[in-house]
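Below is one structure, written out as C-alpha cells; the observations come after it.
Chains as they are written, first to last, in the numbering used here: chain U, 1419 to 1757; chain R, 1419 to 1757.
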C-alpha cells in the first residue's frame, strides 16, 4: 500500500461551499501528503475554474466529469437511483470498480449511506453498515456508533455495531482493548426500552469485545467508554446535543466576556487560555466519519467543513486505507462467527 | 385555593442527603411561603431529630411516620408494591385520598412514576402520564416531554404528550400560544424512525397545539421551540446530554482559567461575568418536574438537590396547584376529544 499512491474518489460538489472549498481542500491535501491521488468528481467547468486558481501537482488531482449534483434535501434512495451521473454516485462507483481505494463526500449524508450500501456494498456477514464518528471527551475521543440513517435497528445489528466499533477503535485509533458501552437510561441491566433490554445480554455474551455495561448519556462527554453503542436515532440525538449545547455554552461565554470594558479587559488575558482549553472539545477537529462494514472505504465529512477540514479528511482517508480496516472487517465478519 | 393552605405530601426520606436536606428545605419553605403546609413522611425519630435542629412554625410541618424507605436502585414496580409503609408510597396515598394537594419527592424517579400512575391514578382519557422538566435555553426555558420511564411509547401517546406539554407551557409557564416541535434526526417530514414518522401527521392535524414540525437536537438549546416532544428514552438522553456536556465544558473552562498565574489573574476579573452569564444554563435552577396527566399533582425533584432547591421545589408545588393545571387537564382530556 505504501509503495503506490492511495487513490481517493472525492465528491467535488458535496458540501455547503463546494466546489471552491472542496477544490482548495484537495489542493492542500496533495501538497501536504505525497501519498495520495485525488479523483475529484463534478461539473467539469466549475472544477477546472476553481483548480485554475491554484498551483498544484496536476498528476495527483484528476477531474472526473459528472453532470448532476445531489442536493442535501433530496430523498436519498430516489436521488441515488435517479442521478447516476451525479458527483456522489460516480465517486462511489469508482470505489466499487476498484479504481479508487476510498470515497469521501461532504454532501448528502443520506445519499452517502444509501449509496455506500447499495453501490459499494456490504461486507458478507454485516447486516448493516454503520456511521461511526469520533466524539471529543475529557479523556480524548470515543467512537459513537451508529449515527447513520439506519433507524429502527435490531438487537443483532447493535451487536455488530459494537464489534465494528471496537475493531475500529483498536485498529485505527490505536486504543488497546477498548471499553464498549450501551447507551441506556440507567446503569442497571434491567432498565431501558425493549431494544436495549434485548441487546444487553447479547453484548454480555460477546467474547471479542470488552463490554462494560450500560452508559448514561451524562457520562459520555466525560469519556466513560471508548465505544458508545446505540441505534442511529439516539446516535444522531447525542451527536447533535454535543453540537448544540457546546455552541450555546460558547455563545453565552462570549457574551459574558463582552459585557463591558472591565470584562473585555479580563477577556484579553484569558482568551488564549480558554481557546486552548476548549479547542479539543469542538466537533470539527475530528474530521470525517467512516461508514463501517462496506466493501471499501466510504467516508463522510460534515457539510459546513472548511478547507483545512477537507484537507484533513482526505489525509484521514489514506490513513484509514493503510490501517487495513476493510480487510480486518472482512475477516471479522466473513467467517460468520457472531459471538 | 388562596384562602386555605396548600398541603404538600413530601417524601422526607428521598434524595441523596435525606433527611437532613429534606427537613432543612421544608423548614426554609414554610418560613418563606406562608401559604404552604408540609406533611413530611419518613422514619419518625430521624425526622424529629433533624427538625429539632431548626426553629419553625410547628403547625405547618407535620411528621407522618413511615417505617420503610425505597432506594433508588430498587425495581420500581416491586418497590411500590412491597413497601406500602415507605415514605414515598405513603406520601402518594395522601394525595390520592385528598389529604394533600401535591406530592414531592427527591427519591426514586421510577417509583414516583409508577406510584403516581397506579396510586394517584391517571386522568380519564390520558393514556400515560409524562414527566415534563423544563430545560434552559438561550431564550429562556423549554418543556421537554416525556422524560419518564415510559419507554416504547406509541404515536397516540406522543400526541397526548404534545397536548399536555402545550397546556403546561401556556397555563403554568405563561407562554402564549407555545410552539411545539417533534424531536427528529432531520427537519423534513419524511425523516426519522417509524414512531416519529407515524406521529408527525397526527401532530399536524392536532388543532389545539401550535405544531411547528420537526426539531433537530442541535437546535434545542438555542430555544427553537417551547415544547419539545419525544418518547422517554430520547428525552432522557437529551436531558443527560445537557448535564454531561455542560459540566464537561464547565470543567474545561475552569481548568483553562486555573492554568497559571496570568490566567488566574484574568480569571479574577472575568469570573463574576462568566458566572452571571452561564448561571441560567444550569439544570438545578429549574427545580422540580411534574408528572403530567395524574389525578393530582405529582412532582419529582432531582436526587442531588440542596436545601435551596428543596425549598424552591416545595414553593413550586403550591404555584402549580394554584395554576389549576390538574383541573385544566381533566377538561382537556376528559371529553375524550383527541383531535
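Glycine included, every Cβ here is placed at the ideal spot set by N, Cα and C.
(request) Assign residue 1619(U) to one of three DSSP states: helix, strand, or coil. (result) Indexing the first chain from 1 puts residue 1619(U) at position 201. Looking at residue 1619(U) - three-state DSSP - the assignment turns out to be helix.
(message) residue 1658(R) and residue 1605(U) - do their beta-carbons sit closer together than 8 Å?
(response) On the first chain, position 187 is the one that residue 1605(U) refers to. On the second chain, position 240 is the one that residue 1658(R) refers to. The answer is no: Cβ separation not under 8 Å.
(request) Flag this pair as yes or no: are the beta carbons of residue 1456(U) and residue 1431(U) separated by less than 8 Å? (result) Position 38 of the first chain, counting from 1, holds the residue named residue 1456(U). Position 13 of the first chain, counting from 1, holds the residue named residue 1431(U). The answer is no: Cβ separation not under 8 Å.
(message) I'd like the ranges of any alpha helix (DSSP H) spanning at least 4 consecutive residues and lying wholly in the segment 1666-1716 of chain R.
(response) 1679-1696
(request) Establish whether the CB of residue 1536(R) and some CB of chain U are separated by less than 8 Å. (result) Looking up residue 1536(R) in the second chain gives position 118. For residue 1536(R), the answer is no, since every Cβ of chain U falls outside 8 Å of its Cβ.
(request) Output yes if chain R places a C-beta closer than 8 Å to the C-beta of residue 1468(U); else output no. (result) By 1-based counting over the first chain, the position of residue 1468(U) is 50. Chain R contact via Cβ: absent.
(request) Identify the contact partners of residue 1671(U) in chain R, using a Cβ-Cβ distance below 8 Å as the criterion. (result) Counting from 1 along the first chain, the entry for residue 1671(U) is found at position 253. Within chain R, the residues near residue 1671(U) are 1671, 1692, 1695, 1696.
(request) Would you please state the rounded distance, in angstroms, between the beta carbons of residue 1602(R) and residue 1592(R)? I believe it to be under 8 Å. (result) Taking the first residue of the second chain as position 1, residue 1602(R) is located at position 184. Taking the first residue of the second chain as position 1, residue 1592(R) is located at position 174. Separation of the CB atoms of residue 1602(R) and residue 1592(R) is rounded to 28 Å, and the pair is thereby denied contact status at 8 Å.
(request) Within its chain, find whatever has a CB closer than 6 Å to the CB of residue 1642(U); leave out the 5 residues flanking it on each side and keep chain order. (result) Looking up residue 1642(U) in the first chain gives position 224. If we look at residue 1642(U) and ignore the five residues flanking it on each side, its Cβ neighbours are 1633.
(message) At a CB distance below 7 Å, what residues from the segment 1623-1644 of chain R approach chain U? Give them in sequence order.
(response) 1634, 1635, 1636, 1637, 1638, 1639, 1640
(request) Return the CA-CA distance between residue 1723(R) and residue 1433(R), expressed in angstroms with no decimal places. (result) In the second chain, residue 1723(R) corresponds to position 305, counting from 1. In the second chain, residue 1433(R) corresponds to position 15, counting from 1. Near 7 Å, if we compare the C-alpha coordinates of residue 1433(R) and residue 1723(R).
(request) Verify whether the separation of the beta carbon atoms of residue 1580(R) and residue 1598(R) is less than 8 Å. (result) Along the second chain, read from residue 1 onward, the residue named residue 1580(R) stands at position 162. Along the second chain, read from residue 1 onward, the residue named residue 1598(R) stands at position 180. Closer than 8 Å, so yes.
(message) Could you give the first and the last residue of the continuous beta strand (DSSP E) run that contains residue 1490(R)?
(response) Against the second chain, residue 1490(R) aligns to sequence position 72. Neither: residue 1490(R) is in no beta strand (DSSP E) and is coded neither H nor E.
(request) May I have the straight-line CA-CA distance separating residue 1585(U) from residue 1498(R), to the nearest angstrom? (result) If you number the first chain from 1, residue 1585(U) lands on position 167. If you number the second chain from 1, residue 1498(R) lands on position 80. Residue 1585(U) and residue 1498(R): Cα-Cα distance of roughly 43 Å.
(message) Suppose the cutoff is 8 Å on Cβ atoms and the five residues either side in sequence are ignored; what does the same chain contact list for residue 1732(R) look like?
(response) The count along the second chain starts at 1 and reaches residue 1732(R) at position 314. Correct list, in chain order: 1426, 1428, 1443, 1444, 1447, 1451, 1454, 1456, 1522.
(message) Let me make sure I understand the geometry here. Which of 1441(R), 1518(R), 1474(R) has the alpha-carbon closest to that of residue 1464(R)?
(response) Taking the first residue of the second chain as 1, we reach residue 1464(R) at position 46. The option with the nearest alpha carbon to residue 1464(R) is 1441(R).
(message) Against chain R, does residue 1493(U) count as a neighbour if the rule is that its beta carbon must be under 8 Å from one of theirs?
(response) On the first chain, position 75 is the one that residue 1493(U) refers to. Closer than 8 Å to some Cβ of chain R, the Cβ of residue 1493(U) qualifies, so yes.
(request) Spatial neighbours of residue 1640(U) within its chain, please: CB distance less than 6 Å, with the 5 preceding and 5 following residues excluded, ordered by chain position. (result) Taking the first chain and counting its residues from 1, one reaches residue 1640(U) at position 222. Answer for residue 1640(U): 1556, listed in chain order.
(message) Would residue 1539(R) and residue 1502(R) qualify as a contact pair, given that the criterion is a beta-carbon distance under 8 Å?
(response) As a working note, residue 1539(R) is residue 121 in the second chain. As a working note, residue 1502(R) is residue 84 in the second chain. Not closer than 8 Å, so no.
(message) In the DSSP assignment, the alpha helix (DSSP H) including residue 1577(R) goes from what residue to what residue?
(response) For this step, residue 1577(R) is matched to residue 159 along the second chain. Counting along the chain, the alpha helix (DSSP H) containing residue 1577(R) begins and ends at 1573-1589.
(request) Locate the beta strand (DSSP E) running through residue 1424(U), then write down its first and last residues. (result) Here the question's residue 1424(U) lines up with position 6 in the first chain. First-last of the beta strand (DSSP E) with residue 1424(U): 1424-1429.
(message) Taking CB distances under 8 Å as the criterion, tell me whether residue 1656(U) reaches chain R.
(response) Within the first chain, the letter at position 238 stands for residue 1656(U). Yes, residue 1656(U) lies at the interface with chain R (some Cβ there is under 8 Å from its Cβ).
(message) What does the alpha-carbon distance come out to for the pair residue 1679(U) and residue 1646(U)?
(response) Position 261 of the first chain, counted from the start, is the residue given in the question as residue 1679(U). Position 228 of the first chain, counted from the start, is the residue given in the question as residue 1646(U). Near 44 Å, if we compare the C-alpha coordinates of residue 1646(U) and residue 1679(U).
(request) Would you please verify whether the beta carbon of residue 1660(U) is less than 8 Å from any beta carbon of chain R? (result) Counted from its first residue, the first chain places residue 1660(U) at position 242. Judged by the 8 Å Cβ criterion, residue 1660(U) is in contact with chain R.
(request) Leaving out five residues on either side along the sequence, give the residues of the same chain with a beta carbon under 6 Å from the beta carbon of residue 1520(R). (result) Within the second chain, numbered from 1, the residue matching residue 1520(R) stands at position 102. Within the same chain, residue 1520(R) has close Cβ partners 1426, 1715, 1735, 1739.
(request) Using a cut-off of 9 Å between C-beta atoms, extract the partners of residue 1612(R) located in chain U. (result) As a working mapping, residue 1612(R) is identified with position 194 in the second chain. Near residue 1612(R) (Cβ distances below 9 Å), the residues of chain U are 1569, 1570.
(request) Indicate whether at least one CB of chain U lies closer than 8 Å to the CB of residue 1652(R). (result) Within the second chain, numbered from 1, the residue matching residue 1652(R) stands at position 234. Yes, residue 1652(R) counts as interfacial toward chain U.
(message) Strictly below 7 Å CB to CB, what residues from chain U border residue 1680(R)?
(response) Here residue 1680(R) refers to the residue found at position 262 when the second chain is read from its first residue. What residue 1680(R) touches in chain U: 1687.
(message) Less than 8 Å between CB atoms is the rule here; does residue 1754(U) satisfy it with respect to chain R?
(response) Counting from 1 along the first chain, the entry for residue 1754(U) is found at position 336. Its pLDDT being 49, under 50, residue 1754(U) is placed unreliably by the model, and the measurement read from it follows with that caveat. Chain R, which has no Cβ nearer than 8 Å to the Cβ of residue 1754(U), makes this no.
(request) Closer than 7 Å by C-beta to residue 1577(R): which residues in its own chain qualify, once you throw out the five before and the five after it? Chain order, please. (result) As a working note, residue 1577(R) is residue 159 in the second chain. If we look at residue 1577(R) and ignore the five residues flanking it on each side, its Cβ neighbours are 1617, 1620, 1621, 1624.
(request) Check whether the Cβ of residue 1490(R) lies closer than 7 Å to any heavy atom of the ligand SAH, and answer yes or no. (result) No copy of the ligand SAH occurs in the structure displayed, which carries no ligand at all.
(message) Quick check: the Cα distance between residue 1748(U) and residue 1552(U), rounded to an integer number of angstroms?
(response) In the first chain, residue 1748(U) corresponds to position 330, counting from 1. In the first chain, residue 1552(U) corresponds to position 134, counting from 1. Here the C-alpha atom of residue 1748(U) lies approximately 22 Å from the C-alpha atom of residue 1552(U).
(request) For residue 1530(U), I'd like the list of residues in its chain whose CB is within less than 6 Å of its CB, leaving aside the five on either flank, ordered along the chain. (result) For the purposes of this step, residue 1530(U) is identified with residue 112 of the first chain, where counting begins at 1. Around residue 1530(U): 1523, 1718.
(request) Could you check what DSSP says for residue 1639(R) in three-state terms: helix, strand or coil? (result) Numbered from its first residue, the second chain carries residue 1639(R) at position 221. Residue state, collapsed to three classes: coil.
(request) Anything in the segment 1574-1601 of chain R with a Cβ closer than 9 Å to a Cβ of chain U? List those residues in chain order, please. (result) 1601
(request) Work out the CA separation of residue 1533(R) and residue 1504(R) for me, nearest whole Å. (result) On the second chain, residue 1504(R) is found 86 positions in, with the first residue counted as 1. On the second chain, residue 1533(R) is found 115 positions in, with the first residue counted as 1. Approximately 12 Å between the Cα atoms of the pair.
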